[in-house]
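Trainee: Have a look at this one.
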Amino acid sequence: MEKFLSFMAVVPEMATDDYVGFTFFVGCMAMMAASAFFFLSMSSFDDKWRTSILVSGLITFIAAVHYWYMRDYWATNATSPTFFRYVDWVLTVPLMCVEFYLILKAAGATKQLMWKLIFLSVVMLVTGYLGEAVYNTGSGPALWGLASGIAYFVIVYEIWMGGAAKLAKSAGGAVESAHNTLCKFVLIGWAIYPIGYMAGTEGWYSGIFGGLEMDVIYNIGDAINKIGFGLVVYNLAVSSK
Ligand SMILES: *C/C=C(C)/C=C/C=C(C)/C=C/C1=C(C)CCCC1(C)C
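Each residue of the sequence shown is one higher than the last, beginning at 117 in the working numbering.
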């Protein structure tokens, strides 16, 4: 791996074993490329899907800008850019909730459903930030992480078994299958984040996850979830053109 990464030495200030710096760099490029892809494909879809594709592009674009700063922050300070990370998430995760609303709108999704998901996602992220950056000693991270995890499970419940699930079922066809794929991203893809959190904070779990690098895990999670989510929506728009 180190040999493979040796080309990174051409990037100023990046060591060949700097996996965090490497994933910030690649993450930044991937988010930029994905944004160009979503924005440029927008006009080829009819109005019904344009907003959804626009939101896919906004999610990866907001991330690209934050990755640009996070890459730089890491290169300069060699510490986690926690603040930029959470500002990015607090903008992009609610937009992912908006995607659920947009694809289910034709099946009767209400703004109330959208705001419920947005509210839960903000609770999940604010409590996570408190555990990671504010009350990050003693039992703080474990308790705030638990609070965050509860909000996460309510989101999972709502989309898999709650109101959103019923709407998806009634919509059927391509919308239902896109909804189901997004649900899997939330259940499996989003579960990557608590692992990163446990790798980067102190708690009863430190012995299990302590050897892992938090930022590498978060960066992998972001690439899978942000670009993956966008592609599911893109695919839905293509299949129902
Ligand atoms: C694009 C960014 C995404 C999809 C970020 C998602 C973040 C999470 C699902 C974070 C969840 C957390 C927990 C469930 C518990 C520990 C604290 C967090 C915030 C890492």
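Ideal Cβ positions, reconstructed from N, Cα and C, are used throughout, including at glycine.
Give me the Cβ distance between Val-136 and Val-332, rounded to the nearest whole Å; I'm assuming they're in contact under 8 Å.
Mentor: For the purposes of this step, residue 136 is taken as the residue at position 20 of the sequence shown. For the purposes of this step, residue 332 is taken as the residue at position 216 of the sequence shown. Contact flag correct, Cβ pair sits at about 6 Å.
Trainee: Beta-carbon within less than 6 Å of Tyr-268's beta-carbon, same chain only, minus the 5 sequence neighbours each way: which residues are those?
Mentor: Taking the first residue of the sequence shown as 1, we reach residue 268 at position 152. Met-240, listed in sequence order.
Trainee: Could you please give the first and the last residue of the uninterrupted alpha helix (DSSP H) stretch that includes Thr-176?
Mentor: The residue labelled residue 176 in the question sits at position 60 within the sequence shown. From DSSP, the alpha helix (DSSP H) with Thr-176 extends over 163-193.
Trainee: Under a Cβ-count criterion, where at least 16 other Cβ atoms within 10 Å of its own Cβ denotes burial, should Tyr-273 be classed as buried or exposed?
Mentor: On the sequence shown, residue 273 is found 157 positions in, with the first residue counted as 1. Result: exposed.
Trainee: Is it right to say Asp-204 is buried, meaning 16 or more other beta carbons lie within 10 angstroms of its own, or is it exposed?
Mentor: Translated into positions along the sequence shown, residue 204 becomes position 88. It is buried - the Cβ of Asp-204 has at least 16 other Cβ atoms within 10 Å.
Trainee: For Leu-156, which residues from the same chain have a beta carbon less than 7 Å from its beta carbon, with the 5 sequence-adjacent residues on both sides left out?
Mentor: Within the sequence shown, numbered from 1, the residue matching residue 156 stands at position 40. Nothing meets the Cβ criterion.
Trainee: What first and last residue would you give for the alpha helix (DSSP H) that runs through Glu-292?
Mentor: Stepping through the sequence shown from its first residue, residue 292 is reached at position 176. Run containing Glu-292: 289-300, per the alpha helix (DSSP H) assignment.
Trainee: Tell me which same chain residues have a C-beta within less than 6 Å of the C-beta of Trp-165, skipping the five on either side of it?
Mentor: Translated into positions along the sequence shown, residue 165 becomes position 49. Excluding residues within five positions, the ones whose Cβ falls inside 6 Å are Ala-353.
Trainee: Can you tell me whether Trp-190 is buried or exposed? The criterion is at least 16 other CB atoms within 10 Å of its CB, across all chains shown.
Mentor: The residue given as residue 190 occupies position 74 in the sequence shown. So Trp-190 ends up on the buried side.
Trainee: So Glu-248 is in the alpha helix (DSSP H); what residue range does that whole segment cover?
Mentor: Here the question's residue 248 lines up with position 132 in the sequence shown. Run containing Glu-248: none; DSSP gives neither H nor E here.
Trainee: For the putative contact between Gly-305 and Gly-278, defined by C-beta atoms under 8 Å, what is the C-beta separation to the nearest angstrom?
Mentor: Counting from 1 along the sequence shown, the entry for residue 305 is found at position 189. Counting from 1 along the sequence shown, the entry for residue 278 is found at position 162. No, Gly-305 and Gly-278 are not in contact; Cβ-Cβ is about 19 Å, not under 8 Å.
Trainee: Is Met-330 near ligand 2, judged by its Cβ being under 7 Å from some heavy atom?
Mentor: This structure simply doesn't include ligand 2; it includes ligand 1 instead.
Trainee: What does the alpha-carbon distance come out to for the pair Ala-294 and Thr-317?
Mentor: Here the question's residue 294 lines up with position 178 in the sequence shown. Here the question's residue 317 lines up with position 201 in the sequence shown. Computed Cα separation, rounded: 35 Å.
Trainee: Give the DSSP-derived three-state secondary structure of Leu-338 in the structure shown.
Mentor: What you label residue 338 is simply residue 222 of the sequence shown in a count that begins at 1. In the sequence as displayed, the identity of residue 338 is Asp instead of Leu. Reduced to three states, the DSSP call for Asp-338 is helix.
Trainee: What is the DSSP secondary structure of Ser-151, counted as helix, strand or coil?
Mentor: The residue labelled residue 151 in the question sits at position 35 within the sequence shown. Of the three classes helix, strand and coil, the one that applies to Ser-151 here is helix, per DSSP.
Trainee: Whose C-beta lies closer than 6 Å to the C-beta of Tyr-185 among residues of the same chain, with five residues either side of it excluded?
Mentor: As a working mapping, residue 185 is identified with position 69 in the sequence shown. If we look at Tyr-185 and ignore the five residues flanking it on each side, its Cβ neighbours are Phe-200.
Trainee: Please indicate yes or no: does the CB of Thr-208 lie closer than 7 Å to some heavy atom of ligand 1?
Mentor: Along the sequence shown, one-based indexing puts residue 208 at 92. Yes, Cβ of Thr-208 sits closer than 7 Å to a heavy atom of ligand 1.
Trainee: Cβ-heavy atom distance between Ser-160 and ligand 1 below 7 Å?
Mentor: As a position in the sequence shown, residue 160 is number 44, starting the count at 1. It does not: the Cβ of Ser-160 is nowhere closer than 7 Å to a heavy atom of ligand 1.
Trainee: Within the chosen definition, does the segment 134-149 reach the segment 173-180 through at least 3 CB pairs nearer than 8 Å?
Mentor: Contact between the segment 134-149 and the segment 173-180 is present, because at least three Cβ pairs lie under 8 Å.
Trainee: Would the beta-carbon of Lys-342 be found less than 7 Å away from any heavy atom of ligand 1?
Mentor: Here the question's residue 342 lines up with position 226 in the sequence shown. Within the cutoff, so yes.
Trainee: First and last residue of the alpha helix (DSSP H) that includes Gly-323?
Mentor: Counting from 1 along the sequence shown, the entry for residue 323 is found at position 207. Element bounds for Gly-323: 322-325.
Trainee: Which residue's Cα is closest to the Cα of Arg-174: Asp-163, Asn-193, Pro-197, Ala-150?
Mentor: Position 58 of the sequence shown, counted from the start, is the residue given in the question as residue 174. Checking the sequence shown, residue 174 turns out to be Leu, not Arg. Checked all of Asp-163, Asn-193, Pro-197, Ala-150; the closest Cα to Leu-174 is Ala-150.
Trainee: Is the closest heavy atom of ligand 1 to the C-beta of Ser-264 under 7 Å?
Mentor: Against the sequence shown, residue 264 aligns to sequence position 148. Yes, the beta carbon of Ser-264 sits closer than 7 Å to at least one heavy atom of ligand 1.
Trainee: Leu-220 lies in the alpha helix (DSSP H); which residues open and close that run?
Mentor: Residue 220 sits at position 104 when you count from the first residue of the sequence shown. Element bounds for Leu-220: 198-220.
Trainee: Note down, in chain order, each residue of its chain lying with its Cβ closer than 8 Å to the Cβ of Val-348, except the 5 sequence neighbours on either side.
Mentor: Sequence index remark: in the sequence shown, residue 348 carries index 232 (1-based). Here the set comprises Ala-294, Thr-297, Leu-298, Phe-301.
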